[in-house]
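Chemist: The structure is given below, and queries will be raised subsequently.
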Amino acid sequence: MRFWIVLMSLLTTPAAWAAWDLNMRQGVTEISQAVYGLHMTIFWVCVGIGVVVFGVMFYSIYYHRKSRGAVSDTFHESTKLEIVWTAIPFIILVAMCVPATKVLIQMYDASDSDIDIKVMGYQWKWSYEYLGEDLGNGDNMAFFSNLSTPRAEVYNEAPKNPNYLLEVDQPLVIPANKKVRFLITANDVIHAFWVPDFAVKKDAIPGFINESWTIVPEPGIYRGQCAELCGEAHGYMPIVVKVVPEDEYYAWVDNKKQQIAQARGITPAVANR
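Sequence positions in the sequence shown follow mature numbering (1 follows the signal peptide of the UniProt record, and there is no 0) and run -18 to -1, 1 to 255.
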């Protein structure tokens, strides 16, 4: 009786019915869906192996049990059997490596990008520098992106919104259907730039540049987080990427450059597009 009382108490708590996932998300880009497809392919291969291995094991346990009078054999080796159980895993691994290698090569091909953005991690915020977008004094357009969740929500003084700790004052803005290359590094300690909907996850290491890329087919807002423990406020440096149509993107760039240039007291450069 006590067991059922405890079970019903657990099932009726809000946490028991909160949203939760067991699988990785498919994402919105071609490469993220390729990663998901590879993941599911290897998952089902592993399921098949498990069914065969455990099936043979349970069959042997049941039909060769001592109570039925089974007597164990006394042989010590079988060359044919050893060849078979070596060859089969080898073939399976090679078959799994072929699609995995194709996806890996595709993920690392950051060449021929349309837009290059330098992403730098700080404790505890991100900066985005748009390479090639000159302000007029030789500096590229750049800005910081900080957590914008109200303190009242953090300290439980107000209800939490659906994007709690996943909202920023200035999002990273990129155009849809353009190849965007991210040059990822850090200013102080190791961070990690992670946007799961893009299948982008790279360490941001001081003194090193890691590359990644994405082509997002549809406008929208996509969220990520720092995925490397980087200090006491690690959970307070989210990533928000706003994907917009190409014409809207270039209008935003021109306006942003003007804002930054005016704040610095310089004349913004005129872009030739």
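Beta carbons are placed, not taken as given, at the ideal position from N, Cα and C, and that holds for glycine. If you're wondering where the values come from, they're calculated on a predicted model, not measured in any experiment.
By DSSP's criteria, T167 is part of a beta bridge. Which residues make up the other side?
Modeler: To locate residue 167, count along the sequence shown from 1; it is residue 185. Answer is M102, bridged to T167.
Chemist: Using DSSP bridges, identify the partner residues of residue 256.
Modeler: Outside the shown range of the chain (-18 to 255) lies residue 256, about which nothing can therefore be said.
Chemist: Grouping DSSP H, G and I as helix and E and B as strand, with all else coil, what is T196?
Modeler: Walking along the sequence shown from the start, residue 196 turns up at place 214. In this structure, T196 counts as strand in the three-state DSSP scheme.
Chemist: Could you tell me whether the Cβ atoms of A181 and V17 are closer together than 8 Å?
Modeler: Here residue 181 refers to the residue found at position 199 when the sequence shown is read from its first residue. Here residue 17 refers to the residue found at position 35 when the sequence shown is read from its first residue. Cβ atoms of A181 and V17: closer than 8 Å.
Chemist: Quick check on the burial criterion: 16 or more other C-beta atoms within 10 angstroms. Buried or exposed for Y90?
Modeler: The residue you call residue 90 lines up with position 108 of the sequence shown. Exposed: under 16 other Cβ atoms inside 10 Å.
Chemist: Specify the secondary structure class of A186 as computed by DSSP and reduced to three states.
Modeler: Here residue 186 corresponds to residue number 204 of the sequence shown, with the count starting at 1. Residue state, collapsed to three classes: strand.
Chemist: Buried or exposed for E115, please, with buried defined as at least 16 other CB atoms from any protein chain shown within 10 angstroms of its CB.
Modeler: As a position in the sequence shown, residue 115 is number 133, starting the count at 1. Burial call: buried.
Chemist: Sorry if obvious, but does the Cβ on L154 come closer than 7 Å to a heavy atom of the ligand SAM?
Modeler: For the ligand SAM, the structure offers nothing, since it holds no ligand at all.
Chemist: Going by CA-CA distance only, name the one from N138, P188 and K161 that's closest to D98.
Modeler: Residue 98 sits at position 116 when you count from the first residue of the sequence shown. Answer by Cα proximity: K161.
Chemist: On the DSSP letters alone, give me the boundaries of the alpha helix (DSSP H) that N36 sits inside.
Modeler: Position 54 of the sequence shown, counted from the first residue, corresponds to residue 36. Looking at the sequence provided, one finds Phe at residue 36 rather than Asn. Residues E12 to Y45.
Chemist: Hey, how far is the Cα of D185 from the Cα of F125?
Modeler: Mapped onto the sequence shown, residue 185 falls at position 203. Mapped onto the sequence shown, residue 125 falls at position 143. Taking the straight line from one Cα to the other gives about 20 Å.
Chemist: How is F57 classed by DSSP in three states: helix, strand or coil?
Modeler: Here residue 57 refers to the residue found at position 75 when the sequence shown is read from its first residue. In this structure, F57 counts as coil in the three-state DSSP scheme.
Chemist: What's the C-alpha gap between L211 and I242?
Modeler: As a working mapping, residue 211 is identified with position 229 in the sequence shown. As a working mapping, residue 242 is identified with position 260 in the sequence shown. The alpha-carbon atoms of L211 and I242 are separated by roughly 31 Å.
Chemist: In angstroms, rounded to a whole number, what distance separates the CA positions of D3 and N119?
Modeler: Here residue 3 refers to the residue found at position 21 when the sequence shown is read from its first residue. Here residue 119 refers to the residue found at position 137 when the sequence shown is read from its first residue. Computed Cα separation, rounded: 48 Å.
Chemist: Can you tell me whether DSSP reads P157 as helix, strand or coil?
Modeler: Locating residue 157 in the sequence shown gives position 175, where the first residue counts as 1. P157 falls in the strand class under three-state DSSP.
Chemist: Which residues in the same chain have their Cβ closer than 7 Å to the Cβ of P201, if we skip the five residues on either side of it in sequence?
Modeler: As a first step, residue 201 must be located in the sequence shown, where it is residue number 219. Within the same chain, P201 has close Cβ partners A158, V225, V226 and P227.
Chemist: To the nearest angstrom, how far is the alpha carbon of Q244 from that of V155?
Modeler: Counted from its first residue, the sequence shown places residue 244 at position 262. Counted from its first residue, the sequence shown places residue 155 at position 173. Whole-angstrom Cα-Cα distance: 20 Å.
Chemist: Return helix, strand or coil for Y137, following the three-state DSSP convention.
Modeler: Along the sequence shown, one-based indexing puts residue 137 at 155. Y137 falls in the coil class under three-state DSSP.
Chemist: Touching or not, the stretch 169 to 178 and the stretch 186 to 198, by the rule of three or more beta carbon pairs under 8 Å?
Modeler: yes
Chemist: Less than 8 Å between the beta carbons of I191 and G206, yes or no?
Modeler: Residue mapping note: residue 191 aligns to position 209 of the sequence shown, counting from 1. Residue mapping note: residue 206 aligns to position 224 of the sequence shown, counting from 1. Contact flag unset, no.
Chemist: How should S14 be labelled, buried or exposed, when 16 other C-beta atoms within 10 angstroms of its C-beta is the threshold for buried?
Modeler: By 1-based counting over the sequence shown, the position of residue 14 is 32. Buried: at least 16 other Cβ atoms inside 10 Å.
Chemist: Under the rule that 16 or more other beta-carbon atoms within 10 Å means buried, what is L117, buried or exposed?
Modeler: Reading the sequence shown from its first residue, position 135 is the one you call residue 117. The residue in question, L117, is buried, as its Cβ has 16 or more Cβ neighbours within 10 Å.
Chemist: Taking the alpha-carbon of I166 as reference, which of S109, K142, L20 and E12 has the nearest alpha-carbon?
Modeler: By 1-based counting over the sequence shown, the position of residue 166 is 184. Among S109, K142, L20 and E12, the Cα nearest to that of I166 is on S109.
Chemist: Taking 6 Å as the limit between beta carbons, can you name the residues of its chain near D96, skipping five residues before and five after?
Modeler: As a working mapping, residue 96 is identified with position 114 in the sequence shown. If you ignore the 5 residues before and after D96, its C-beta comes within less than 6 Å of the C-beta of K160 and K161, all in its own chain and listed in chain order.
Chemist: Please work out which residues of its chain come closer than 8 Å, Cβ to Cβ, to P199, disregarding the five sequence neighbours upstream and downstream, and give them in chain order.
Modeler: Here the question's residue 199 lines up with position 217 in the sequence shown. For P199, where only same-chain residues beyond five positions count, the Cβ hits under 8 Å are V10, T11, E12, A158 and N159.
Chemist: Rounding to the nearest angstrom, what Cα-Cα distance links W195 and F164 in this structure?
Modeler: Locating residue 195 in the sequence shown gives position 213, where the first residue counts as 1. Locating residue 164 in the sequence shown gives position 182, where the first residue counts as 1. Their Cα atoms are separated by approximately 6 Å.
Chemist: Is the separation between the beta-carbon of R151 and that of Y104 shorter than 8 Å?
Modeler: Position 169 of the sequence shown, counted from the first residue, corresponds to residue 151. Position 122 of the sequence shown, counted from the first residue, corresponds to residue 104. Here residue 151 turns out to be Asp, not Arg, going by the sequence shown. Their beta carbons are not under 8 Å apart, which means D151 does not touch Y104 by this criterion.
Chemist: In chain order, what residues of the same chain have a beta carbon less than 6 Å from the beta carbon of M219, not counting five sequence neighbours either side?
Modeler: On the sequence shown, residue 219 is found 237 positions in, with the first residue counted as 1. Cβ within range, chain order: W106, K107 and C208.
Chemist: Opposite P220 in the DSSP bridges: which residues?
Modeler: Counted from its first residue, the sequence shown places residue 220 at position 238. DSSP lists Q207 as partners of P220.
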